[in-house]
Structure formats: C-alpha cells, structure tokens
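Following: one structure in structure tokens, then a few remarks.
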Amino acid sequence: MQQKKTIWFVINPISGVKRKDGIPALIQSELDLSAYDYEIKYTDRKGHGYQIGKEAVESKIDIVCAVGGDGSVHDVGTALIGTDVKLAILPSGSGNGLARHLKIPLDLSKAIQCINQDFSIQMDTVNVNDNPVLGFGGFGLDALVAKRFNQDKRRGFWIYVKHVLKEFFKYHPINFTIDTNGEIKKIPALMCTVANTSEFGNGFIVSPKSDPTDGKLELVILKPFSFWKIPFVVNNFFKGKLQREALSEVISFETATIEMNNSLGHYDGEPTVVPNKVNIEVVPKSLHIIIGK
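Just so you know, we're using the working numbering here: the sequence shown kicks off at 129 and counts up by one.
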C-alpha cells in the first residue's frame with residue numbers, strides 16, 4: 129500500500145475579500161483522503177507563513193499549501209525555495225497573480241483537485257539583494273500603490289484601481305541606471321518591474337511573455353506619459369499588449385543591477401524599503417510548485 133503524503137494548509141484568515149470560515153470543511157470534503165494526511169494552520173502575523181514553511185521543511189512535510197493571496201503565497205513559498213517540499217496554492221486573495229499565471233483555478237474546489245492530481249513543475253525564483261521573490265519585484269509607482277493598498281483595510285480590484293489613479297497624478301518619475309547583461313541604460317521611468325511571471329493579478333498583465341521555467345527574467349520599464357493616455361495604457365495592461373506602447377520597454381536578462389533615487393520597492397506585492405542599488409538574479413528551478421493543467 130502506498131504511503132500517504134502529508135500536507136499543511138496555511139490559512140491567512142484576513143487576506144482578500146472572501147471569508148475563510150468554510151475552507152476547512154471544503155478541504156475535508158474535496159481532498160483525496162486516501163492519498164493525503166493534512167493539518168490546518170493559521171497565520172496571525174506578518175511573516176508567520178514563512179515560519180510555518182520553515183517548520184514544514186524541518187518536519188519533512190511533502191506539500192505546504194498557502195491559502196490566501198500573493199502576500200501569503202510569498203510568505204510560505206519563499207520558505208520552501210531550494211528544498212524538496214512542494215508549494216500548493218488555494219487562491220483566496222485580492223489579486224492571485226501567481227495562481228492565475230500557473231492556471232490554478234480560483235474556484236477552491238477545483239484548486240483542491242489540482243492538489244489531488246499532484247502535477248508539479250520546478251519554477252525559477254528571483255533573488256533581489258538576497259531577498260527571495262516568486263513573481264514580481266518592483267521599484268516605482270507599482271511599489272507605492274502596493275504600499276497604499278496594504279495600508280487600506282478594504283480589498284478588491286476597484287480599491288486597487290483607486291490607488292493607482294490617485295498616486296499617478298502626483299507621482300514624479302524616478303531616475304534609473306540599469307545594467308543588464310553588461311548593457312547600461314539611464315532612463316527616467318514611472319516604474320521598473322522585475323517579472324518572473326506574467327501578471328500582478330485581476331487580469332493586470334505586466335509581462336505576457338514571462339515564463340518562470342525559462343531561466344530568465346524580464347525587466348518591464350514604464351516611461352512617463354500624459355494623463356489622457358491612461359485609458360489606453362490600462363486597456364493594454366488588461367489585454368497583455370503593454371509592450372506595443374512606445375512608452376514601455378522590456379529587457380530579458382539573467383542578472384541585473386539597478387541604481388535609483390528611490391527607497392521604496394515591493395516583493396510580490398509586499399512593500400519594502402530598498403537601498404539605492406539592487407542586484408537581481410534568477411535562481412533557476414529552485415521551487416517545486418503544484419500547478420493547474
């Protein structure tokens with residue numbers, strides 16, 4: 129008889145717009161209990177998911193499932209980088225960018241079926257000054273919006289859009305000096321985003337060609353533009369056609385150095401203070417993760 133695998137479900141009770149009360153019963157009813165033994169753990173503070181992830185590695189748990197949004201996935205997933213423990217996702221946050229890219233259903237019953245099927249890949253991750261990142265790291269307007277969104281107790285797509293518009297009208301471009309593959313570029317920009325996956329979430333597609341298994345990253349540079357272009361730029365974000373705009377530029381790379389007159393960044397949507405110089409590199413095939421088919 130085949131030995132059961134062990135799963136820890138790590139639930140962030142306050143992420144996203146959905147209540148999490150019914151999730152334990154859903155897990156009990158939908159998970160293949162002939163194949164898995166499971167425990168449910170709840171986070172109660174920032175960084176708690178990372179701690180639980182590290183405990184899972186020490187306990188030789190087979191799978192750790194983050195139940196929440198991209199911040200929760202970041203917390204849990206970064207603890208599993210470089211180990212044999214698989215990350216799974218039950219997307220229940222506001223954006224769910226990584227889950228969307230990996231074709232994990234937003235319907236939690238269907239997402240649990242992905243765990244039952246246990247189809248996984250080894251995805252690349254990102255190292256930014258020794259800080260691990262799964263999907264995106266950003267410097268500029270996206271980081272400021274991430275900070276405002278995290279400070280807002282309300283959640284949802286339109287709350288995010290509100291902060292984008294509010295900050296855009298008073299935002300001043302940042303001067304970036306970018307060294308990718310030995311090529312140096314100096315440019316003023318609204319944002320400079322490191323992309324390992326395609327979208328922030330909610331269909332907001334930043335880098336449609338990004339592939340977390342290709343051993344490369346994309347640097348997406350958004351140049352300053354007039355306010356009247358906002359509808360066109362936003363429309364192209366949602367259609368995955370931002371690169372068609374002359375005001376954007378995309379550079380593929382494996383290692384890069386960015387210097388900037390800015391101290392605010394974000395890693396997977398989590399705002400953070402950054403130095404004026406950051407070193408970025410791809411870490412190939414460093415995370416086992418269960419995906420949708």
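In this text, a Cβ means the ideal position worked out from N, Cα and C, and glycines have one as well.
Asked	Found
Same chain, Cβ closer than 7 Å to Gly420, five either side skipped, listed in chain order	Leu230, Lys231, Ile232, Pro233, Cys242
Alpha-carbon spacing of Ser326 relative to Ile189, whole angstroms	29 Å
Enclosing beta strand (DSSP E) for Thr206 [first to last residue]	First-last for Thr206: 198-206, but that is the alpha helix (DSSP H), not the beta strand (DSSP E).
Alpha helix (DSSP H) segment containing Val292, residue limits	285-296
Environment of Glu398 [buried if 16+ CB atoms lie within 10 Å]	buried
Beta-carbon separation (whole angstroms), Ile249 vs Thr341, contact threshold 8 Å	6 Å
Sub-9 Å separation of Ile155 and Ile287 beta-carbons	no
Secondary structure of Leu226, DSSP reduced to three states	helix
Distance, Lys281 Cα to His291 Cα	13 Å
Euclidean distance between Cα positions of Val195 and Tyr395	18 Å
Rounded C-alpha distance that separates Gly221 from Pro412	27 Å
Nearest-angstrom Cα separation, counted from Leu345 out to Asn255	11 Å
Nonlocal neighbours in the same chain, by C-beta distance under 6 Å from Thr400, ignoring five residues either side	Gly393
Reduced DSSP secondary structure (H/G/I, E/B, other) of Ile135	strand
Spatial neighbours of Glu167 in its chain, beta-carbon cut-off 6 Å, leaving aside the 5 residues before and after	Trp136
Cβ-Cβ distance between Val213 and Gly181 below 9 Å	yes
Glu311, DSSP secondary structure in three states	strand
Integer Cβ distance of Gly175 from Asp203, believed to fall under 8 Å	6 Å
Pro260 and Ala317 closer than 9 Å at C-beta	no
Pairwise C-alpha distance: Val322 and Ile379	10 Å
Backbone CA spacing between Lys133 and Phe355 [nearest angstrom]	53 Å
Per-residue DSSP class, three states only, for Phe332	strand
Euclidean distance between Cα positions of Phe86 and Ile333	Any property of residue 86 remains undetermined from this structure, which presents the chain solely from 129 to 421.
Cβ-based neighbour list, Ala216, same chain, cut-off 8 Å, excluding 5 preceding and 5 following	Ile135, Ile191, Val192, Cys193, Ala194, Cys242, Ile243, Ile417, Ile418
Alpha carbon of Phe381 to alpha carbon of Ser162, nearest angstrom	44 Å
Cut-off 7 Å between Cβ atoms - residues of its own chain near Val410, not counting five sequence neighbours on either side	Asp252, Val254, Gly343, Lys344, Leu345, Glu382
Neighbourhood of Ala271 by C-beta, 7 Å cutoff - its chain only, sequence neighbours within 5 removed	Leu392, Gly393, His394, Pro399
As assigned by DSSP and simplified to three states, the class of Gly393	strand
Residue from Asn309, Ser338, Leu415, Phe328 whose Cα sits closest to the Cα of Ile408	Asn309
Every unbroken beta strand (DSSP E) within the stretch 158-182, with a cutoff of 3 residues, ordered by chain	164-170
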